[in-house]
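These protein sequence lines are chains P, E and B, in that order. The first sequence runs 447 to 774 under the numbering used here. The second sequence runs 421 to 697 under the numbering used here. The third sequence runs 919 to 1337 under the numbering used here. Where is the CB? At the ideal position from N, CA and C, for every residue including glycine. Quantities reported herein were computed from a predicted structural model and do not represent experimental measurements. Inspection log for the structure reproduced underneath, given as structure tokens.
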Amino acid sequence: MRKLILRPILYPLATGWLVAVCAGCGDAREGATHDQHANGDTKTSAAIFGGDYPIKVTCTTGMVADLVRHVGGDQVDVTQLMREGVDPHLFQAEPADISALNRADAIFYSGLHLEGKLVDIFSGMRRKKPTSAVAERIDESRLLDVGAGLYDPHVWFDVELWSVCISAVSDTLSKFDPPHATDYQSRADLYRKELVALHEYCVSEMATIPEGQRVLVTAHDAFHYMGRAYGLDVKAIQGISTESEPGVKEINELVEFLTTNGIRAVFVESSVPDANMASLIEGCASRGHELERGGVLFSDAMGELGTPEGTYVGMVRHNVETIVQALR
Amino acid sequence: MTAQVGDRAPASETDLSGDSSPPVQPVLDVHDVTVAYHRKPVLWDIDLTIPTPRLVGIVGPNGAGKSTLIKAILGLVPIASGGVRIFGEELSRQRRLIGYVPQRESIDWDFPVSVLDVVLMGTYGELGWLRRPGRKQRAWAMQCLEKVGVADLARRQIGQLSGGQQQRVFLARALAQRAQIYFMDEPTAGVDAATEQVVFDLLRELRQAEKTVLVVHHDLRTVSRYFDDVVLLNMRLVASGPVEQVFTPQNLQKAYGGRLAILEDAGEALRVQERSA
Amino acid sequence: MINYNTMIVLVGASLLGASSGLVGAFAVLRRRALAGDALAHAALPGLCLAFLVLGERNLSAMLFGAFLTGLLGISVVSGLRHTTRIKEDAAIGIVLSVFYGAGIALSSFIQKQTAFGSKAGLHTYILGKTAGMILADVYLIGAASLFCLLLILVLYKEFKVVAFDSGFASVQGWPSVLIDLLLMAMIAVTVVIGLPAVGVVMMAALLIIPAASARFWTDRLGPMLGLSSLFGLTIGAVGTLMSASFSRLPAGPVIVMAGTIVFLVSLLAAPRRGIVARQLSARRERRQMALRATCRALYELLEAELPQVRPLEFDEILSHKSWQRQELAACLTQLEKEGVISRTAIGAFLLTEQGQKQVVETVRLRRLSELYQHQYGSFEGTLDELDAGTFIEELPRELVATLEEELKSSGRFPAAGAV
């Protein structure tokens, strides 16, 4: 008697549950590929903020966090997942990070696969709260294509390009928190002006580097946007992501390049170990070419919070000054 | 550690006889030795004295602790209580006087060493640290190989030998040690008749040269033929002493319990003994 | 002209390979190969701890830390084996995963929580950065290699006896445990020095592959050590040169792949111990046994009618014993080639004069061998010796004569037919 009742209920339930799970899995995968190209705001939660201020926002890199702090002002309380010196390409979320993401009312990240190991997490979060990939606001035509349908994610080195991301933040916050929309917009405009000035500073400073010295050699391929924006030829020892390892041929080619072009300095990065720098310097020395460490550049992370290099503007200025000083 | 590795034995270079002055202390003195393995008792309160050089056979049922006794005396397994004295001294001071033939199963036959290499290891004791075996040691090793009849196999890798040949090589190694006491663990197990003959001819020679040999033996039928003394072991010492006195039906019964097949063997053993008496 | 960087990596990788091959040979013979792998993995937390303690990336300090935790890991393996019921493979597995896990946890902690985390470059110790070798690295590798080489030369016989039969060594008075520990320390030094170059994951390969390959080519310890060293040196050099000649080939993994090729070649092609050689020799042995069996069959078929010798049909021979058609045909062809038999006009097989002698001898040895077995029990030679009965030649004259008498009296002693 019990069986007759249970069976028509249990089996459909079980099957239905299985189907739902599979659909959910499929969805997550789909979400991941959707992320890359389009505006990261598709399918994001359209909720309106209704809690206590300040709005809890969780960001990934320091650049994004700095951006959100500038636009959000007192209305937001920003939690930054990746501290100074952390490599976003290799960053894997620990339980503490997951809870920070869960607690947040809104999430902002860089996107374009910079936070390579967090993509799936973001697609999950997207359904529950506003989750925005700020760099994906930039039009694809302005991005650098690196093949296989992927784009170089290091867009913040082109100050003009990074300015575009301001609107990603202000639009999302305005939609999420309409009462303060005007505040967000005005702060955004202010910051945009600051960045315009910064951009001009970069252009003029970089222009002072003599023609023959306009080559930037760093540990990994993060500076192409900077090169394109400010007239530098960029060469890296490793590939786009810090996970790939150079072969002997790559080292030789670099030494050859540096020596024949008389490049005086190579730059180490705060978030990437200078594992291969020493071998470059020795290699050049063996050919009578003196190669120096040009200084530390901030690439995928900024400086310590509280220091000038802890803000986006300060970081960019530091990079520019370091480069110009070494190459001039 | 007062290792005797490196000291020169007082032996002459060309034969097996060593120092032949009569020993003041008993050759071997085992006092109250108890050994456990994983908390289970394997040997319990073993008291054994060998006063003068002789051939001693150690027999008992499987698992009686025969191998363990040898290993305990040689310091290869820890002794829970009791002590061992060799010529009145502790083991660590007498290592130069000891020769050892382990069980064949414990060896890695695939190891890339030749027959000669293995026998040369017997000379390592007298060489001490750092010195390499030279012409003298090589010549002596070849002599030992000849003694056991496998000199023509000197260059072969040990894995290519038959069981009997392997056993002889290890015997040769022990000979090369120029010891006063030899401990052998089942040297005739699983070997052919010819090898068994070689082994016991050798033992007789050692006996004549006033050496002591303790042999864990597996074949009851040959005890009285080969040994002066016998030790009957079954976790406890059942009996020990001259074969004629100790190798009796009562003692065998005590050692082997009610195991029929063994008793038949034992019975056979006694009949053989009576026949040869 | 090889350029500087290639030369640096070449020398460094070759030295590292040679040293790993040398030390690894002992590890493999001592059945400690996997312990070397455990050591490499156990070194990771040491690297991290040294970095945390010092607050900066000091290579020597980190390597020292790696050495300490590596040895600690190995000691734990030993301890587990001796004091509990856990066997060696489980103990190694436990230590390997626990220590490595701790290392990864520490490494993540360092990367995230500290301000200078990524500077440690800890992840480069996992996969290595062979191409980034500098002169200081080469000196370090050279010093470590020299140390290991000297130690092995000086304590050669001590390592040999302890590796082969540690029980005997102990009885002889050698401090087997200490010598074993010294061997492990050498392995630890080699592993730790190799970490910056090839990383944790591949260090085990460098220790094991050259030694395992060398074993196929020789049966003696000295040559095996030398060959293992040579193989290690070669794969280090080849890997480097390939990484220098082709784009996008990181040196570390290529070195390991070169090692794999060396191993495969050794496995297949080594004379006597290689697979191909073994197959060939087994096949040859089978063929010899089949030929002898054929000879005996020929004799047995004609035995009753001797001294008359008549031609034999194929099917007659086939039905005498139960063997394969093809195999019999092949044997008969071979015997014909050797001149033992000749074919008649109608395709039957006839024993030649030479053939008769040969067949008689084969049967004689065989029957003597069977009789000896029957009377004297155990036989200690190889199958080939038993089947051919060649050991009969080694027996004392009188014994052979006695056996022959017995055969004669039972009418089974073979004699050639008069033709």
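Any chain E beta carbon closer than 7 Å to residue i
i	result
B:Gln-1206	no
B:Ala-1336	With a pLDDT of 39 at B:Ala-1336, under the threshold of 50, the modelled position of this residue cannot be trusted, and the question is left open.
B:Gln-1293	no
B:Phe-1082	yes
Residue i, DSSP secondary structure in three states
i	result
E:Met-604	strand
E:Ser-501	strand
P:Tyr-597	strand
E:Gln-577	strand
E:Glu-630	coil
E:Ile-506	strand
P:Tyr-555	strand
B:Met-1175	helix
E:Pro-522	coil
E:Asn-482	coil
B:Ile-1264	coil
P:Tyr-499	coil
B:Asn-976	coil
P:Ala-711	strand
Presumed contact (8 Å Cβ cut-off) between residue i and residue j, rounded CB distance
i	j	result
B:Met-1142	B:Ala-943	6 Å
E:Gln-597	E:Gly-542	4 Å
E:Ser-526	E:Gln-577	Their Cβ separation, rounded to whole angstroms, is 18 Å, which puts E:Ser-526 and E:Gln-577 out of contact at 8 Å.
B:Gly-939	B:Phe-1149	6 Å
B:Ala-1200	B:Pro-1229	That pair is no contact at about 34 Å.
B:Gly-1177	B:Gly-1117	Not a contact, Cβ separation roughly 14 Å.
B:Leu-965	B:Tyr-1043	6 Å
E:Val-633	E:Arg-641	So it is not a contact: roughly 19 Å between Cβ atoms.
E:His-638	E:Ala-675	The Cβ separation is near 14 Å, so there is no contact.
Interface flag, residue i vs chain B, CB-CB below 7 Å
i	result
E:Met-604	no
P:Val-694	yes
P:Asn-698	yes
P:Ser-545	no
E:Gly-677	no
P:Gly-729	yes
P:Ala-561	Before going on, a small fix: residue 561 of chain P reads as Glu here, not Ala. False, the Cβ-Cβ gap to chain B never drops below 7 Å.
P:Ser-725	yes
P:Glu-738	no
P:Glu-691	yes
P:Asn-722	yes
Beta-carbon spacing of residue i, residue j below 7 Å
i	j	result
P:Met-528	P:Thr-504	no
E:Phe-590	E:Val-636	no
B:Leu-933	B:Ser-1063	yes
P:Thr-525	P:Ile-553	no
P:Lys-695	B:Ala-1162	yes
B:Gly-930	B:Ile-1059	yes
P:Ser-725	B:Asn-923	yes
B:Leu-1286	B:Leu-1321	yes
B:Ala-1122	B:Ala-958	yes
P:Ala-711	P:Gly-673	no
P:Ile-612	P:Arg-638	yes
Per-residue contacts from residue i into chain D (C-beta, under 7 Å)
i	result
B:Arg-1138	Note that chain D does not occur in the displayed structure, where the protein chains are P, E and B.
C-beta neighbour in chain P for residue i, strict 7 Å
i	result
B:Ile-1153	no
B:Pro-1168	yes
B:Ala-1162	yes
B:Val-1116	no
Distance cut-off 6 Å: residue i Cβ against heavy atoms of the ligand GTP
i	result
P:Ala-594	Absent from the structure shown: the ligand GTP. Ligands present: none.
Under 8 Å, with one C-beta from each stretch per pair, do the stretch 1077-1090 of chain B and the stretch 1015-1029 of chain B reach the 3-pair mark? no
Does the stretch 566-575 of chain P come close enough to the stretch 589-606 of chain P that 3 or more CB-CB pairs lie under 8 Å? no
With a threshold of 8 Å, are at least 3 pairs of Cβ atoms found where one atom belongs to the stretch 1146-1163 of chain B and the other to the stretch 982-997 of chain B? no
Below 8 Å, can you find three or more Cβ-Cβ pairs linking the stretch 1260-1275 of chain B to the stretch 1298-1312 of chain B? no
Under 8 Å: do the stretch 1170-1189 of chain B and the stretch 974-983 of chain B share three or more Cβ pairs, one atom per stretch? no
Determine, using beta-carbon pairs with one atom in the stretch 547-564 of chain P and one in the stretch 577-588 of chain P, whether at least three such pairs fall under 8 Å. yes
Are the stretch 651-659 of chain E and the stretch 459-475 of chain E touching by the rule of at least three beta carbon pairs closer than 8 Å? yes
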